[in-house]
Amino acid sequence: PAQFKALVDRSQRFYEAGVRPLADVPACALFLAGRTAGRRLFEGVGLELRCFCRTMGLDLRKVKEVRGVEQPPEAGGAVLAEIEAFGRRLRQD
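With the numbering used here, letter number 41 in the sequence shown gets 45, and the count goes up by one each step, no holes.
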């Protein structure tokens, strides 16, 4: 959370200055959480990220949410396979 807040804080000077990027660059995001419950678990961070992207000229087109990740995904594990599949779909689009 602290690193994400720092990212958003650094974009505020562009927003305050009224700087508008020339073009929207496609972007995607991957959200990971240890929690498995909560219908709106990623809602707040998603909203903040969309605002950041808009300010920085990024068009957030795809977001993947993965829950129940307590430790880094292991090679060959189900979570890593899900993330890799998301990446493959992005390359095809």
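Just so it is clear, CB atoms sit at the ideal spot from N, CA and C, and this is done for glycine as well.
- For the pair R71 and F35, the Cα-to-Cα distance works out to about 8 angstroms.
- Under the three-state reduction of DSSP output, A37 falls in the strand class.
- Taking 8 angstroms as the cut-off, the Cβ atoms of D63 and C57 count as close.
- L64 has A31 as its beta-bridge partners, per DSSP.
- Residue pairing by DSSP places V70 opposite L36 in a beta bridge.
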